[in-house]
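Residues in the sequence shown are numbered from 20 upward in steps of one, following this note's numbering.
Even glycine gets a Cβ: it sits at the ideal position worked out from N, Cα and C.
Note that the structure is predicted; figures quoted are calculated from it, not measured.
Report on the structure given below.
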Amino acid sequence: MLKSMNIEEARRRQYLDALGITFWETRQHPDLAATNAMAADLSLAGDIPGTPTSSVQLKNTDDSIGDLHVWRELESAVRTCKKCSLHATRTQTVFGVGNYQAKWMFIGEAPGADEDRQGEPFVGRAGQLLNAILFALGLKREEVYIANVLKCRPPGNRDPQPEEVAQCEPYLLRQIDLIKPRLIVALGRHAAHSLLKTEVPLGKLRGQQLTYHGTPLFVTYHPAYLLRNPVDKRKAWNDLCHARAVMKRLETA
Ligand code: URA
Numbered sequence: 020m021l022k023s024m025n026i027e028e029a030r031r032r033q034y035l036d037a038l039g040i041t042f043w044e045t046r047q048h049p050d051l052a053a054t055n056a057m058a059a060d061l062s063l064a065g066d067i068p069g070t071p072t073s074s075v076q077l078k079n080t081d082d083s084i085g086d087l088h089v090w091r092e093l094e095s096a097v098r099t100c101k102k103c104s105l106h107a108t109r110t111q112t113v114f115g116v117g118n119y120q121a122k123w124m125f126i127g128e129a130p131g132a133d134e135d136r137q138g139e140p141f142v143g144r145a146g147q148l149l150n151a152i153l154f155a156l157g158l159k160r161e162e163v164y165i166a167n168v169l170k171c172r173p174p175g176n177r178d179p180q181p182e183e184v185a186q187c188e189p190y191l192l193r194q195i196d197l198i199k200p201r202l203i204v205a206l207g208r209h210a211a212h213s214l215l216k217t218e219v220p221l222g223k224l225r226g227q228q229l230t231y232h233g234t235p236l237f238v239t240y241h242p243a244y245l246l247r248n249p250v251d252k253r254k255a256w257n258d259l260c261h262a263r264a265v266m267k268r269l270e271t272a
């Protein structure tokens, strides 16, 4: 079977394997994977295209992007923000990374220690898993946009406080408004709860198409949770395949 596969597809399957997601084909849908989650194996993570190395936002330097100055202003407002107490303990703010014209937007909870150090979201182990998931979906990290609800690290990675979310959320709303993604993926309970203003358990929020300020939104497990609970990778993969199917419909509508 591998003989007839192109190299890119073979690599994609290699990464799905590394994610613990077994790939099998049906005659009717050769392109769609059914999934079977197993243990995490990030041994290939260092090779995954798009593994973050810097916060340089490739493809966004083109002057034809009219909103570039707006982005610069927003980024500067975030960099100097002191609206909540997190400014006192941060090393630096973590604005967001990716394509300003992304169709997909992935939203996490808040920077962790690695992100606080490097100034870019999802650069630690959870980020490597996110990169692998993106690759398995056929997406490159630099073609999507990745941000967090909070732009500063809560000390000790504690949960975001309602006051912090309230102060920080306008930045995220502005990012969404500028990007106008076709689809948003909320990564984990805290992102889902902050975005949807609900306390409904994540298990009840996943598996359905929701909306965030008019944009289709899917909720799935946070990559850090999946590192601790690899058995749930199958469910996360199903969520993302559902999102991808909706994206395909949106693209052809
Ligand atoms: N977890 C998050 O929610 N966001 C990050 O950027 C990193 C880890």
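Asked                                                                                                    : Found
Any non-hydrogen atom of ligand 2 closer than 7 Å to residue 114 Cβ                                      : Only ligand 1 can be found as ligands here, which leaves ligand 2 out of the picture.
Contact test: residue 128 Cβ vs ligand 1 heavy atom, cutoff 7 Å                                          : yes
Residue span of the alpha helix (DSSP H) that contains residue 219, given as start and end               : Residue 219 -> no alpha helix (DSSP H), and no H or E assigned at all.
Contained beta strand (DSSP E) runs [length at least 3] in the region 175–239, N- to C-terminal order    : 202–206, 229–231, 234–239
Enclosing alpha helix (DSSP H) for residue 166 [first to last residue]                                   : Where residue 166 is concerned, there is no enclosing alpha helix (DSSP H), although the beta strand (DSSP E) it sits in stretches over 164–167.
beta-carbon residue 134 near ligand 1 non-hydrogen atom, thresh 7 Å                                      : yes
For residue 127: DSSP bridge partner residues                                                            : 167
Where residue 138 sits in the DSSP three-state scheme                                                    : coil
Where residue 97 falls: helix, strand or coil (DSSP)                                                     : helix
Nearest-angstrom beta carbon gap, residue 130 and residue 171 [assumed within contact, 8 Å]              : 7 Å
Contact set for residue 86: own chain, Cβ-Cβ below 8 Å, skip 5 residues either direction                 : 119, 197
8 Å contact criterion, which residue 240 and residue 215 should meet: CB distance rounded                : In fact, because the Cβ distance is near 16 Å, the residues do not count as touching under 8 Å.
Pick from 98, 117, 164, 124 that is closest to residue 234, judged by C-alpha positions                  : 124
Between the CA atoms of residue 148 and residue 168 - distance to the nearest angstrom                   : 19 Å
Local conformation of residue 250 per DSSP, three classes                                                : helix
CA nearest to the CA of residue 209, picked from 238, 190, 195, 193                                      : 238
Simplified DSSP state of residue 265, which is helix, strand or coil                                     : helix
Residue environment, residue 176, which counts as buried when at least 16 other CB atoms sit within 10 Å : exposed
Beta-carbon gap between residue 211 and residue 224 smaller than 8 Å                                     : yes
Helix, strand or coil at residue 113 according to DSSP, with G and I counted as helix                    : coil
Three-state secondary structure (DSSP) of residue 76                                                     : Residue placement at residue 76 is flagged as unreliable, the pLDDT there being 45, under the threshold of 50; the coordinate-derived value follows with that caveat. Coil, per DSSP.
Cβ neighbour criterion (16 or more within 10 Å) applied to residue 91                                    : exposed
Ligand 1 heavy atom lying under 7 Å from the CB of residue 206                                           : yes
Where residue 98 falls, given that 16 or more other Cβ within 10 Å makes a residue buried                : exposed
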